[in-house]
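Chemist:
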Amino acid sequence: MPAGALFALAVHAFREAGDRRRELVALGLVGRAGGVLGLGFLAEAAEGLLGLGDELAAHLVLEEAADALAEAGQHEQAAAVHRAVADFRARSGDPAGRARALTALASSLGRLARHDEAVSRAAEAVAAARESASPAVLSAALSGLGRPLHDGGRPLEAVDPLHEAVALAAEQDDASAEVWALALLGSALTVAGRRTEAAAALRRSRAAVRRVQGAGVAGRGPPRPAGSAGGAAGHGGGGDGAPPGAVPPGAAARGPRSGGGAASEKGSHFRRASTAYAQVTVLLAVAAWAAFAPGGPWATAAAVVTGVSAVLALVAGLAFRNAGGADVATPAQVALQAVWTLLTVPVLLLHAISLMRGELFLTGPVPSLAGFVAYLVLAALVRRAGRFGAVALGV
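Using numbering that gives the first Met the number 0, you'd call the opening residue of the sequence shown number 0 and step up by one each time.
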């Protein structure tokens, strides 16, 4: 029998027994099991528990309601509820609960593209998490700070808190939290231009993904930290400090907003590499024809090397296109990447010499200059394809 049906039976049983508080708690569980469709039950349960003076249980239900609102895309309303929960946690002297609520609030604000405000709330979450002395809550809060810094165009500032989040997750042997923090760290480092470190972070993220899959952890998102609030009257499921890899918590956190963690980050680079290699293949084919048609020793050499490079670019593009689901680089992909990099210099050099010697169709200073600029564009595309390929392969 589905969980929602069992909780509904509990609601009826407690109602028959005249136990209003437990009836409302069970009603909250019905709403929680219903996700977006359970918002009405959650609202009724929270209102009833507040009427009974049970603020703690009411705010636990409100946390679930906020997650459901975020899942429904109603981030403005979710932010308002998370803010109310954070205020309650501050009044009740619960730094861990306040950190979780502020991290969730920062996530909702980030979804609304209010990145500066999200950073401020996330920084408050980190301070509250340090006060709580809970490594799991602190790791989630640090990931929650990295997200709006990354999305707000401040990737370098996101690196330090994300490094700390990764270290804390590793210390706790929390592979799920480590996945999200590493995925976001890899993305921040890539945007910041530190691609070697980004590749290392993404490799670690892939390894953590395999550990999570080996442990049979569900892929909807990271588990909530132990000891955090899981719903009214302490019902199961942990709390809502899910590290956003970055979007915390609970139903609002289904993985990084960029598309699902290390695997999607890697797949994105594979697709970009494939597209870039396709562009390069077309340009190289045209360049080979332009060099071969008029003849001349340098032009002929350029045509041969360019033709070989065009074939390799085509093969590399197809390899990357078909490798989107791979976890690690194959020897063939690494070899293609290395050979392609080695051929880049002679291709451009031979064409430059051919242009200067007037062996190509281009004669005169202006057409020759235009041709050389075209080859510089080709070089930029070559570098772009190689960069995406290297990051995707982690080499």
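No residue lacks a Cβ here, since even glycine has one placed at the ideal position from N, Cα and C.
Determine the DSSP secondary structure at Ser-107, reduced to helix, strand or coil.
Modeler: Looking up residue 107 in the sequence shown gives position 108. Ser-107: helix per DSSP, three-state reduction.
Chemist: Assuming Gly-92 is part of the alpha helix (DSSP H), what are its boundary residues?
Modeler: Position 93 of the sequence shown, counting from 1, holds the residue named residue 92. No alpha helix (DSSP H) contains Gly-92, which DSSP labels as neither H nor E.
Chemist: Tell me where the alpha helix (DSSP H) around Asp-150 begins and ends.
Modeler: To locate residue 150, count along the sequence shown from 1; it is residue 151. Note, Asp-150: alpha helix (DSSP H), 134 to 150.
Chemist: Quick one: give me the first and last residue of the alpha helix (DSSP H) that Arg-193 is part of.
Modeler: On the sequence shown, position 194 is the one that residue 193 refers to. Neither: Arg-193 is in no alpha helix (DSSP H) and is coded neither H nor E.
Chemist: So, with DSSP's three-state summary, where would you put Ala-112?
Modeler: As a first step, residue 112 must be located in the sequence shown, where it is residue number 113. Note: Ala-112 maps to coil in three-state DSSP.
Chemist: Would you kindly report the start and end of the unbroken alpha helix (DSSP H) that includes Asp-159?
Modeler: By one-based count along the sequence shown, residue 159 stands at place 160. It spans 154 to 170 - the alpha helix (DSSP H) in which Asp-159 sits, taken as one unbroken run.
Chemist: Buried or exposed: which applies to Pro-147, given that a residue is buried once 16 or more other Cβ atoms fall within 10 Å of its Cβ?
Modeler: Along the sequence shown, read from residue 1 onward, the residue named residue 147 stands at position 148. Burial call: buried.
Chemist: Between the C-alpha atoms of Asp-115 and Ala-77, what's the straight-line distance to the nearest angstrom?
Modeler: As a position in the sequence shown, residue 115 is number 116, starting the count at 1. As a position in the sequence shown, residue 77 is number 78, starting the count at 1. Straight-line Cα distance between these residues: approximately 18 Å.
Chemist: For Val-118, count neighbouring Cβ atoms within 10 angstroms of its own Cβ and tell me buried if that reaches 16, exposed if not.
Modeler: Position 119 of the sequence shown, counted from the first residue, corresponds to residue 118. Val-118 should be labelled buried.
Chemist: Are there 16 or more other CB atoms within 10 angstroms of the CB of Arg-111, so buried, or fewer, so exposed?
Modeler: Counting from one through the sequence shown, the residue named residue 111 turns up at place 112. Reading off the sequence shown, one finds Leu at residue 111, where the question assumed Arg. It is exposed - the Cβ of Leu-111 has fewer than 16 other Cβ atoms within 10 Å.
Chemist: Does the beta-carbon of Val-376 have 16 or more other beta-carbons within 10 angstroms, so that it is buried, or is it exposed?
Modeler: As a working mapping, residue 376 is identified with position 377 in the sequence shown. Exposed is the call here.
Chemist: Taking Cβ to Cβ, would you say Ala-95 is nearer than 9 Å to Arg-82?
Modeler: On the sequence shown, residue 95 is found 96 positions in, with the first residue counted as 1. On the sequence shown, residue 82 is found 83 positions in, with the first residue counted as 1. Not in contact: Ala-95 and Arg-82 (Cβ atoms no closer than 9 Å).
Chemist: Rounding to the nearest angstrom, what Cα-Cα distance links Pro-187 and Pro-134 in this structure?
Modeler: Here residue 187 corresponds to residue number 188 of the sequence shown, with the count starting at 1. Here residue 134 corresponds to residue number 135 of the sequence shown, with the count starting at 1. In the sequence under discussion, the amino acid at residue 187 is Ala, which differs from the Pro named in the question. Answer to the nearest angstrom: the Cα atoms are 22 Å apart.
Chemist: Taking just the CA atoms, how far does Leu-161 sit from Leu-311?
Modeler: If you number the sequence shown from 1, residue 311 lands on position 312. If you number the sequence shown from 1, residue 161 lands on position 162. Each residue's alpha carbon lies about 38 Å from the other.
Chemist: Would you tell me roughly how many angstroms separate the C-alpha atoms of Gly-237 and Val-190, rounded to the nearest one?
Modeler: Here residue 237 refers to the residue found at position 238 of the sequence shown. Here residue 190 refers to the residue found at position 191 of the sequence shown. For Gly-237, the predicted structure reports a pLDDT of 35, less than 50, and the residue's modelled location is therefore unreliable. The matter cannot be settled from this model.
Chemist: In angstroms with no decimal places, state the Cα-to-Cα distance between Arg-129 and Leu-184.
Modeler: Taking the first residue of the sequence shown as 1, we reach residue 129 at position 130. Taking the first residue of the sequence shown as 1, we reach residue 184 at position 185. Rounded to the nearest angstrom, the two C-alpha atoms are 21 Å apart.
Chemist: Return the Cβ separation of Ala-105 and Ala-127 in integer angstroms, given the expectation that the two are a contact with Cβ distance under 8 Å.
Modeler: Locating residue 105 in the sequence shown gives position 106, counting from the first residue. Locating residue 127 in the sequence shown gives position 128, counting from the first residue. By a beta-carbon distance limit of 8 Å, Ala-105 does not contact Ala-127. Their separation comes to about 12 Å.
Chemist: Taking buried to mean at least 16 other C-beta atoms within 10 Å of its own C-beta, is Ser-91 buried or exposed?
Modeler: One-based indexing of the sequence shown puts residue 91 at position 92. Exposed is the call here.
Chemist: Helix, strand or coil for Asp-173? Go by DSSP, reduced to three states.
Modeler: One-based indexing of the sequence shown puts residue 173 at position 174. Coil, per DSSP.
Chemist: Between the alpha carbons of Pro-345 and Val-304, how many angstroms are there, rounded?
Modeler: Here residue 345 refers to the residue found at position 346 when the sequence shown is read from its first residue. Here residue 304 refers to the residue found at position 305 when the sequence shown is read from its first residue. Going from the Cα of Pro-345 to the Cα of Val-304 covers about 8 Å.
Chemist: Classify Pro-296 as buried or exposed, calling it buried when 16 or more other Cβ atoms lie within 10 Å of its own Cβ.
Modeler: Within the sequence shown, the letter at position 297 stands for residue 296. Label assigned to Pro-296: exposed.
Chemist: Quick check on Gln-73: does DSSP put it in helix, strand or coil?
Modeler: In the sequence shown, the residue the question calls residue 73 occupies position 74. In this structure, Gln-73 counts as coil in the three-state DSSP scheme.
Chemist: Please look up how many angstroms separate the CB atoms of Ala-89 and Arg-97, rounded, as I've assumed it's under 8 Å.
Modeler: By one-based count along the sequence shown, residue 89 stands at place 90. By one-based count along the sequence shown, residue 97 stands at place 98. With 8 Å as the limit, Ala-89 and Arg-97 qualify as a contact, their Cβ atoms being about 5 Å apart.
Chemist: Tell me which same chain residues have a C-beta within less than 7 Å of the C-beta of Ala-200, skipping the five on either side of it?
Modeler: Position 201 of the sequence shown, counting from 1, holds the residue named residue 200. Answer for Ala-200: Leu-181, Leu-184, Gly-185, Leu-188, listed in chain order.
Chemist: Evaluate Glu-170 with the Cβ neighbour count: other Cβ atoms within 10 Å of its Cβ, from every protein chain shown; 16 or more gives buried, anything less gives exposed.
Modeler: Taking the sequence shown and counting its residues from 1, one reaches residue 170 at position 171. The residue is exposed, with fewer than 16 neighbouring Cβ atoms inside 10 Å.
Chemist: Using the Cα positions of Val-125 and Ala-140, report the straight-line distance between them to the nearest angstrom.
Modeler: Reading the sequence shown from its first residue, position 126 is the one you call residue 125. Reading the sequence shown from its first residue, position 141 is the one you call residue 140. Cα to Cα, the separation comes out at about 5 Å.
Chemist: Could you check if Ala-164 is buried or exposed, using at least 16 other CB atoms within 10 Å of its CB as the buried criterion?
Modeler: Indexing the sequence shown from 1 puts residue 164 at position 165. Per the 10 Å Cβ criterion, buried.
Chemist: Could you tell me the distance, in whole angstroms, from the CA atom of Ser-107 to the CA atom of Val-314?
Modeler: Here the question's residue 107 lines up with position 108 in the sequence shown. Here the question's residue 314 lines up with position 315 in the sequence shown. Taking the CA atoms as reference points, Ser-107 sits about 43 Å from Val-314.
Chemist: Report the option in Gly-109, Arg-209, Glu-75 whose CA atom is closest to the CA atom of Gly-152.
Modeler: Along the sequence shown, one-based indexing puts residue 152 at 153. Considering only alpha carbons, the answer is Gly-109.
Chemist: Give me the residue from Glu-156, Asp-93, Asp-150 with the minimum Cα distance to Val-136.
Modeler: Within the sequence shown, numbered from 1, the residue matching residue 136 stands at position 137. It is Asp-93 whose Cα lies nearest to the Cα of Val-136.
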